[in-house]
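K.L.:
Once you've had a glance at the structure underneath, I'll fire off some questions.
Protein chains in written order, with my numbering: chain U, 1 to 278; chain H, 279 to 598.
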């Protein structure tokens, strides 16, 4: 049985065109699924629907089933118990995703204490150990620091530690490295890859960058305007992209093969698609 | 060292503001028509008698001399002497200050106790009937003038139910129970009006938190909305609320003056009103300067409390 089953998911905000429509996919235990698409294509809304964290005014139909729990029908209290434990999320903006008034270590420890029956002392030790594991060179100092005293890379590693500390079965990553510079991005991705392999957790990895997705994921969904327009393994997508949008993405991801003087490829997307009412 | 320099800088600003305020206070009281000599001697006094009394009280000296005399006195802790009663301004001020401090202090506290939970509910449930009713109640509360609210409470709790006294005051050291009974209605009156104003600010501060990424992170690790807001929202919301509180202090003091006259409490308000009507300028100046001092001291305290609440401010202070 699959870990995550999403069937016919449709999310509307108010009277607008659905942000997500007819979205169905599954993720097996330990599997890594990439979701790729431009801003506004419904990637993040899909992820938030799986977390049960959509805004109050969202109208959801279809079903999301996570490890046998029907997420879309689950009361908030029960869903809160699953969040941070069974399923966790790494957000895009490390600069703002941490509480600016609380030391980072305490925020990580909180996630542990919220779900596991551990003493404060051993929680602290576990936090520092994990902060070391995600590649922070001075974990004790980072744990005592406030978010504004850390770099973007350090913060995102701390957030990664927060997402991994309860050994979740599914980690949702929403553009986790987009806000970081390229070298830090590669390091954080490598750590994520390592941690997922070590824990055997499944991953839903959202990005607009096919190159990044191909480093982490096995299979890929391509989303455009709230719908899935193409799906397949990373290799399939690269070798034989079907949808024009995917072809554009693949070309953009292969920029290193372009001769000097040649025109850069562009991605046909939202601007070229027939305009929906909005 | 850096902190000491910051504190010194703030104290400097504080002193300069106070000095500026003293000029304004003195100028305004001097510009008031009529003077204490006129009040003392009545309207049929001869010009000679008036001039003699003015000379006696030092009112015929140039304004600058009078100002410097007053300022110098205050610096050495002497706020002058009431021309009417001959008592020192400080001895008039002290017992009345206690009344106003109790009133303002308890009212601020009670208004926070009401406004913070109510504002949180209003933010969290803003799309459902609970939140809407809190906001509506706050709107109604804001529309009620302080004096009318006070009279209403007196009618219900003092006249109909006879639970509490309608007016008057007993010092705490004479009769603690009577003191509390006399303070309850004035404090509630002042607090309700303040709470109605504060609820809106608390609500919008928490709505801001609800839209923050760190709130979403808190939800994503398993906090329920209310607990996420308490754990990660309270301190962040407090940063903007403290600013509002600092600004509201002067509004509360004005409200206290009205409440004191509704409940005939012998506080600074009634002292000030009597002194103005009797042109007892020394008392007016002393009381107003004291109020200015209180407001300035509280806003300095607000500035310093940012350093406690917001760790980012602390590092900024280190860098500068």
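Every residue gets a Cβ at the ideal spot worked out from N, C-alpha and C, and that includes glycine.
By the criterion of Cβ-Cβ separation under 7 Å, what are the contact partners of residue 448 of chain H in chain U?
P.N.:
Here residue 448 of chain H refers to the residue found at position 170 when the second chain is read from its first residue. Within chain U, no residue comes near residue 448 of chain H; the closest Cβ sits about 43 Å away, beyond 7 Å.
K.L.:
CA-CA distance, residue 26 of chain U and residue 231 of chain U?
P.N.:
Along the first chain, read from residue 1 onward, the residue named residue 26 of chain U stands at position 26. Along the first chain, read from residue 1 onward, the residue named residue 231 of chain U stands at position 231. Roughly 12 Å between the two C-alpha positions.
K.L.:
In terms of alpha-carbon separation, which member of U:103, U:21, U:97 and U:98 lies closest to residue 63 of chain U?
P.N.:
Along the first chain, one-based indexing puts residue 63 of chain U at 63. Out of U:103, U:21, U:97 and U:98, U:21 has the C-alpha closest to the C-alpha of residue 63 of chain U.
K.L.:
Can you check whether the C-beta of residue 405 of chain H is within less than 8 Å of a C-beta belonging to chain U?
P.N.:
As a position in the second chain, residue 405 of chain H is number 127, starting the count at 1. Chain U, which has a Cβ nearer than 8 Å to the Cβ of residue 405 of chain H, makes this yes.
K.L.:
If you measure from the beta carbon of residue 78 of chain U to each beta carbon in chain H, is any gap under 8 Å?
P.N.:
The residue you call residue 78 of chain U lines up with position 78 of the first chain. No, no contact with chain H.
K.L.:
Give me the subset of the region 491-508 of chain H whose CB atoms are less than 8 Å from a CB atom of chain U, sorted by chain position.
P.N.:
Against chain U - using a Cβ distance shorter than 8 Å - the residues of the region 491-508 of chain H are 491, 492, 494, 495, 496, 497, 498, 499, 500, 501, 502 and 503.
K.L.:
Can you name, in chain order, every residue of its own chain whose Cβ lies under 7 Å from the Cβ of residue 588 of chain H, other than the five neighbours on each side?
P.N.:
Looking up residue 588 of chain H in the second chain gives position 310. Cβ within range, chain order: 517.
K.L.:
Which residue from H:566, H:591 and H:582 puts its Cα closest to that of residue 368 of chain H?
P.N.:
For the purposes of this step, residue 368 of chain H is taken as the residue at position 90 of the second chain. For the residues H:566, H:591 and H:582, the minimum Cα distance to residue 368 of chain H belongs to H:566.
K.L.:
Using DSSP with H/G/I as helix, E/B as strand and the rest coil, what is residue 600 of chain H?
P.N.:
The displayed coordinates of chain H run from 279 to 598. Any statement about residue 600 of chain H would go beyond what the structure contains.
K.L.:
Along chain U, in chain order, which residues have C-beta atoms closer than 8 Å to that of residue 588 of chain H?
P.N.:
Your numbering for residue 588 of chain H matches position 310 in the second chain. Correct list: 100 and 101.
K.L.:
Excluding the 5 residues flanking residue 420 of chain H on each side, which residues of the same chain have their C-beta closer than 7 Å to its C-beta?
P.N.:
Looking up residue 420 of chain H in the second chain gives position 142. Excluding residues within five positions, the ones whose Cβ falls inside 7 Å are 474 and 475.
K.L.:
Does residue 81 of chain U have its Cβ less than 8 Å from a Cβ in chain H?
P.N.:
Along the first chain, one-based indexing puts residue 81 of chain U at 81. Yes, residue 81 of chain U lies at the interface with chain H (some Cβ there is under 8 Å from its Cβ).
K.L.:
For the structure I just gave you, are there three or more beta carbon pairs, one from the region 302-315 of chain H and one from the region 577-592 of chain H, closer than 8 Å?
P.N.:
The region 302-315 of chain H vs the region 577-592 of chain H: no contact.
K.L.:
Please list, in chain order, the chain H residues whose beta carbon lies closer than 9 Å to that of residue 243 of chain U.
P.N.:
The residue you call residue 243 of chain U lines up with position 243 of the first chain. What residue 243 of chain U touches in chain H: nothing, since even the nearest Cβ is about 31 Å away.
K.L.:
Can you give me the C-alpha to C-alpha distance between residue 296 of chain H and residue 322 of chain H, rounded to a whole angstrom?
P.N.:
The residue you call residue 296 of chain H lines up with position 18 of the second chain. The residue you call residue 322 of chain H lines up with position 44 of the second chain. If I take the Cα positions, the gap works out to 39 Å.
K.L.:
Per the DSSP calculation, residue 27 of chain U is bridged to which residue(s)?
P.N.:
Translated into the one-based positions of the first chain, residue 27 of chain U becomes position 27. In the DSSP output, where bridge partners are listed per residue, residue 27 of chain U has U:4.
K.L.:
What separation, rounded to the nearest whole angstrom, lies between the Cα atoms of residue 9 of chain U and residue 402 of chain H?
P.N.:
The residue given as residue 9 of chain U occupies position 9 in the first chain. The residue given as residue 402 of chain H occupies position 124 in the second chain. The straight-line gap from Cα to Cα measures roughly 26 Å.
K.L.:
Check whether the region 154-168 of chain U and the region 76-96 of chain U touch, using three or more Cβ-Cβ pairs below 8 Å as the test.
P.N.:
As far as the Cβ criterion goes, the region 154-168 of chain U touches the region 76-96 of chain U, which means the pair count is three or higher.
K.L.:
If you follow the beta strand (DSSP E) that residue 229 of chain U is part of, which residue opens it and which one closes it?
P.N.:
One-based indexing of the first chain puts residue 229 of chain U at position 229. Per DSSP, residue 229 of chain U belongs to the beta strand (DSSP E) from 227-233.
K.L.:
Just the C-alpha distance for residue 514 of chain H and residue 492 of chain H, rounded to the nearest angstrom, thanks.
P.N.:
Position 236 of the second chain, counted from the start, is the residue given in the question as residue 514 of chain H. Position 214 of the second chain, counted from the start, is the residue given in the question as residue 492 of chain H. Those two C-alpha atoms are separated by around 10 Å.
K.L.:
Answer with yes or no whether the minimum CB distance from residue 85 of chain U to chain H is below 8 Å.
P.N.:
Within the first chain, numbered from 1, the residue matching residue 85 of chain U stands at position 85. For residue 85 of chain U, the answer is yes, since a Cβ of chain H falls inside 8 Å of its Cβ.
K.L.:
Looking at the structure shown, is residue 277 of chain U part of a helix, part of a strand, or coil, going by DSSP?
P.N.:
Indexing the first chain from 1 puts residue 277 of chain U at position 277. Only weak support is given to the placement of residue 277 of chain U: the predicted model assigns it a pLDDT of 39, under 50, and the question is left unresolved by the model.
K.L.:
Could you tell me whether the Cβ of residue 133 of chain U comes closer than 8 Å to any Cβ of chain H?
P.N.:
On the first chain, position 133 is the one that residue 133 of chain U refers to. Taking Cβ atoms only, chain H never reaches closer than 8 Å to residue 133 of chain U, which makes this a no.
K.L.:
What's the gap between the Cα of residue 36 of chain U and the Cα of residue 413 of chain H?
P.N.:
Position 36 of the first chain, counted from the start, is the residue given in the question as residue 36 of chain U. Position 135 of the second chain, counted from the start, is the residue given in the question as residue 413 of chain H. About 42 Å.
K.L.:
Can you tell me whether DSSP reads residue 113 of chain U as helix, strand or coil?
P.N.:
In the first chain, counting from the first residue as 1, residue 113 of chain U sits at position 113. Three-state result, residue 113 of chain U: helix.
K.L.:
I'd like to know whether the C-beta of residue 270 of chain U is nearer than 8 Å to at least one C-beta of chain H.
P.N.:
One-based indexing of the first chain puts residue 270 of chain U at position 270. At residue 270 of chain U the pLDDT is 48, less than 50, meaning the model places this residue with poor confidence; the figure from the coordinates comes in the next sentence. Not closer than 8 Å to any Cβ of chain H, the Cβ of residue 270 of chain U fails to qualify, so no.
K.L.:
Counting along the chain, where does the beta strand (DSSP E) carrying residue 88 of chain U start and finish?
P.N.:
Here the question's residue 88 of chain U lines up with position 88 in the first chain. Residues 87-90.
K.L.:
Could you tell me the boundaries of the alpha helix (DSSP H) in which residue 571 of chain H lies?
P.N.:
Within the second chain, residue 571 of chain H is the residue found at index 293, counting from 1. That run of the alpha helix (DSSP H) goes 559-587.
K.L.:
According to DSSP, is residue 10 of chain U part of a helix, a strand, or is it coil?
P.N.:
Position 10 of the first chain, counted from the first residue, corresponds to residue 10 of chain U. Looking at residue 10 of chain U - three-state DSSP - the assignment turns out to be strand.
K.L.:
Would you list, in chain order, the members of the region 446-479 of chain H that have their beta-carbon closer than 7 Å to a beta-carbon of chain U?
P.N.:
Against chain U - using a Cβ distance shorter than 7 Å - the region 446-479 of chain H contributes no residues.
K.L.:
Return helix, strand or coil for residue 133 of chain U, following the three-state DSSP convention.
P.N.:
Along the first chain, read from residue 1 onward, the residue named residue 133 of chain U stands at position 133. DSSP places residue 133 of chain U in helix when its eight states are reduced to three.
K.L.:
Under three-state DSSP, which class holds residue 406 of chain H?
P.N.:
Working through the second chain from its first residue, we reach residue 406 of chain H at position 128. Correct three-state label for residue 406 of chain H: coil.
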